[in-house]
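Chains as they are written, first to last, in the working numbering: chain A, 18 to 502; chain B, 18 to 502. These notes are about the structure you will find just below.
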């Protein structure tokens with residue numbers, strides 16, 4: 018199947034609604050929740066419901082109630098009741114997701130974890146932290162750093178997003194190549210099943226092959242298998258030093274080939290980020306940071322480790338970039354200069370919102386060798402449909418973010434966006450890649466799942482979903498495409 | 018439940034047999050397999066069946082036929098036929114497993130992957146290799162190194178064991194702390210389901226959150242969910258240098274605390290291995306390598322990375338060990354001296370076979386902080402039951418191998434071994450650890466699973482097993498305890 022064949026599916030509407038016939042939360046159930054959770058734990062006012070109707074995308078649908086439990090026992094109560102009344106439960110952290118994963122498209126209960134925000138244990142001997150899901154990821158970073166420890170995954174949303182949301186979506190960030198992503202740090206989970214039972218997986222052990230790896234099955238399951246209530250996260254020693262360089266490339270092809278050249282020299286950077294010319298211009302027009310607007314691409318390169326090693330490797334990187342087409346390599350002399358370089362990169366996504374009313378942020382992941390071809394293909398798609406599609410992303414791990422800028426109230430433009438997005442998915446899959454590297458499937462990509470997944474694998478995933486959630490009340494209409502009629 | 022309550026279960030017999038009523042392979046099916054796979058692909062002679070009756074433990078049971086497919090299509094044929102006739106299929110690589118996982122305790126078909134031994138693709142741009150499951154792990158290491166690439170997991174069995182077996186058991190080895198274990202390198206799988214359907218999971222992407230992580234569900238599933246026929250493995254650049262040190266500790270308590278001290282200094286060793294006094298003596302009596310037989314423990318410490326960084330870190334490690342009770346720190350001056358130190362470590366397991374007729378090699382995994390307490394408890398258990406239990410293992414990742422040496426033909430001693438093994442499991446779980454860090458559950462530990470796992474988690478695992486393998490023909494009687502009558 019080609020993505021273009023699916024033009025009936027409106028990507029920007031999140032696909033068709035789920036078909037299950039859910040119940041409507043009874044007045045007595047609402048009252049019971051209000052009594053048990055208190056006025057701040059159960060929200061029913063229209064303006065409150067509206068506040069939990071959307072996420073980081075443009076999708077929107079109001080829930081019937083918002084619950085904000087503080088304890089695992091309260092989560093169990095909520096889920097037992099939802100099962101009893103056959104009502105959807107959509108779990109969310111900060112609602113910063115970029116796939117429509119936490120929008121309650123079928124109404125029902127939104128379970129927000131933001132009041133479950135305790136760091137329960139920071140064990141610096143075993144280098145791990147045990148947290149509730151509502152801890153903001155940046156707060157987890159800070160708590161670890163205060164003890165000389167380091168939690169490498171740092172999605173761009175880290176100042177808003179919660180660790181629970183990060184785990185549910187398997188969030189990534191720039192450090193995928195050297196340090197892996199969220200899943201690589203989750204050692205154990207406590208979760209509540211759809212019918213309210215408590216389940217524990219994994220533990221504080223680094224090595225554990227006792228039974229199937231249900232921890233990794235729950236990571237990235239987008240709230241469709243269970244509600245995560247506690248997370249054990251592995252930390253690592255803080256790298257002894259970190260250095261940042263920015264390399265300016267007149268030709269994007271040269272930039273996109275650097276990662277392979279650097280790795281083949283035996284240097285594993287903490288990250289290499291790319292910004293294409295449109296991305297550079299979006300940021301520069303907003304922030305006037307002195308970025309080279311005539312360059313086709315810049316790379317931000319971060320190295321970390323023993324200072325003497327970082328010095329050697331930084332010189333290697335500088336030399337390699339200069340030999341391969343970089344016209345300038347700026348080395349940040351200190352943490353402040355480094356922060357300035359990173360601020361530009363972090364501003365990319367927000368800067369695009371100034372250009373056009375709507376942004377569809379894609380998240381394809383391809384084998385590293387296919388990056389130059391993917392970038393070329395995306396530029397061709399942008400030209401074909403007359404759309405502005407700035408691209409940035411984590412090229413060290415093959416994860417690119419083409420951002421389609423448009424106006425969702427212009428039906429003709431929306432039609433072009435749908436076609437362009439479909440073609441971008443085709444390009445990714447055709448190059449041996451996939452639909453999403455770190456944002457998840459959610460609502461926005463579910464109708465394309467069969468494009469990227471083997472049909473037997475997809476059938477097995479559905480069986481697992483049915484085993485965990487036989488009533489289908491956990492985040493309905495997400496991840497899986499509508500079943501064929 | 019305490020492990021001691023389970024004294025009716027005879028650990029050294031691998032627990033009770035599976036209860037499912039399987040079919041017996043029909044003569045026509047045997048003939049069909051012989052015709053399709055040829056004389057070297059289907060073995061029926063008693064001496065051949067005997068060769069595939071055991072693994073690295075002392076368990077033993079003959080299959081009815083041994084098949085050695087060369088292609089995925091042949092694996093599909095075998096499984097479709099097994100489903101048709103309701104006959105067990107026990108997949109094995111080299112049969113070096115240490116949990117009785119590949120012993121065909123219910124007879125049926127042994128599917129050996131040893132002729133599926135092709136390295137299909139070594140892609141040094143994307144730094145990955147695509148292999149059939151029968152590739153010997155050491156050959157994979159060598160092929161990677163020949164291109165300047167590195168595959169870190171190196172179970173002690175690597176010269177015999179296959180990568181398919183490593184993936185099925187999620188094999189570990191010394192490098193768990195810095196580099197992770199087998200699961201951390203598996204990017205994608207091709208597998209055949211119990212009824213013969215082909216399934217693909219993951220791919221060549223570093224980042225991939227498209228749907229549930231079935232790759233990680235299959236890794237470590239011990240041949241109970243599907244038969245793995247192809248594996249995509251991530252490689253990393255070969256570290257620019259590697260150095261080894263051996264530190265001699267008069268007191269094992271001092272040795273067991275070093276890992277935390279070294280990590281807290283910001284140094285992440287590639288590995289720290291421990292050998293206790295009994296282990297040292299086993300090796301020394303056999304190999305006369307000049308090991309310090311009066312020391313309570315030695316540590317083997319390996320550092321790798323940029324040479325200048327390794328030099329700095331090695332000096333840090335030497336100083337820290339000397340400050341904390343080491344009477345001697347030997348630094349290997351070159352690769353040859355390093356190999357000599359490692360040879361002693363690699364000889365431990367084999368050296369024990371010379372002491373007593375039978376060895377029950379345990380594999381507990383505990384949080385790092387619990388290592389001193391675990392070592393003390395194991396010594397107390399050895400004394401209590403009058404058993405020799407040398408301990409060695411990967412203390413940098415909390416994974417210890419207490420080896421109970423005995424004679425399995427002495428019923429009185431076997432009874433003491435059963436009790437001691439049960440108490441060791443109790444100690445591991447009581448310290449927040451688990452039954453197995455890298456050997457798997459197989460037959461030997463399955464009756465203890467409920468000791469280590471949450472009942473809801475175990476129920477979910479059973480549901481997943483039933484979804485993948487509704488007839489229960491894949492490696493029956495492994496991993497899961499007998500269902501309550």
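Backbone N, C-alpha and C fix where the C-beta goes; we use that ideal spot for every residue, glycine too.
Residue 266 of chain B: member of the beta strand (DSSP E) spanning 258-266, first to last residue. Counting only runs of 3 or more residues that sit fully inside the segment 375-441 of chain A, the beta strand (DSSP E) segments are 375-378, 408-411, 416-423, in chain order.
Considering only B:317, B:383, B:298, the residue with the shortest C-alpha distance to residue 406 of chain B is B:298.
Cβ-Cβ separation between residue 258 of chain B and residue 327 of chain B: approximately 5 Å, consistent with a contact (criterion under 8 Å). For residue 180 of chain B, the uninterrupted alpha helix (DSSP H) run begins and ends at 180-186, by DSSP. According to the DSSP secondary-structure assignment, residue 167 of chain B is paired through a beta bridge with B:253. By the C-beta criterion, the segment 424-435 of chain B is judged not to be in contact with the segment 443-457 of chain B, since fewer than 3 inter-stretch pairs fall below 8 Å. By the neighbour-count criterion, in which 16 or more other beta carbons inside 10 Å mark a residue as buried, residue 88 of chain B falls on the exposed side. Taking the CA atoms as reference points, residue 338 of chain B sits about 49 Å from residue 93 of chain A. Contact check for residue 160 of chain B against residue 136 of chain B passes: the beta carbons are separated by less than 8 Å. Look at the segment 46-98 of chain A and you find these whole runs of alpha helix (DSSP H), each 4 residues long or longer: 63-68.
DSSP lists A:380 as the beta-bridge partner residues of residue 453 of chain A. Judged by DSSP in its simplified three-state form, residue 308 of chain B adopts coil rather than helix or strand.
Within 8 Å of the CB of residue 214 of chain A, the CB atoms of chain B belong to 473, in sequence order along the chain.
DSSP places residue 342 of chain A in no beta strand (DSSP E); its state is neither H nor E. Excluding its 5 nearest sequence neighbours in each direction, residue 252 of chain B has C-beta neighbours in its own chain below 7 Å: 144, 145, 146, 161, 166, 167, 168, listed in chain order. DSSP, read as helix, strand or coil, puts residue 222 of chain B in coil.
Beta-bridge analysis with DSSP links residue 477 of chain B to no other residue.
Pairing residue 462 of chain A with residue 436 of chain B, the inter-Cα distance amounts to about 54 Å. Residues of chain B whose Cβ lies closer than 7 Å to the Cβ of residue 481 of chain A are, in chain order, 229, 481, 484. Against residue 453 of chain B, the close residues of chain A are 226, 227, in the order they occur along the chain (beta-carbon pairs closer than 7 Å). With a threshold of 8 Å between beta carbons, residue 435 of chain B makes no contact with chain A.
Taking 8 Å as the upper bound for CB-CB distance, residue 83 of chain B and residue 54 of chain B are not in contact here, some 10 Å apart. At a C-beta separation below 8 Å, residue 277 of chain B has these neighbours in chain A: 142. In terms of CA proximity to residue 481 of chain B, A:230 leads the group A:106, A:52, A:230, A:176. Rounded to the nearest whole angstrom, the CA to CA distance from residue 43 of chain A to residue 211 of chain A is 18 Å. Sequence-ordered contacts of the segment 313-337 of chain B with chain A read 322, 323, 325, 326, 329, 330 [C-beta pairs closer than 7 Å]. For residue 288 of chain A, the pairing in a beta bridge is given by DSSP as A:319. Of the candidates A:70, A:361, A:226, the residue whose Cα lies closest to the Cα of residue 496 of chain B is A:226. Secondary-structure assignment with DSSP links residue 206 of chain B through a beta bridge to B:218, B:248.
When rounded, the separation of the alpha-carbon atoms in residue 373 of chain B and residue 303 of chain B is 13 Å.
Comparing C-alpha distances from residue 408 of chain B to each of B:426, B:154, B:377, B:179 shows the shortest one belongs to B:377. Between residue 282 of chain B and residue 321 of chain B, the gap from beta carbon to beta carbon reaches 8 Å or more.
The Cβ-Cβ distance between residue 64 of chain A and residue 71 of chain A does not fall below 8 Å. Within the segment 279-292 of chain B, those residues whose Cβ lies closer than 9 Å to any Cβ of chain A are, in chain order, 280, 281, 282, 283, 284, 285. In the displayed model, residue 129 of chain A falls within a strand according to three-state DSSP.
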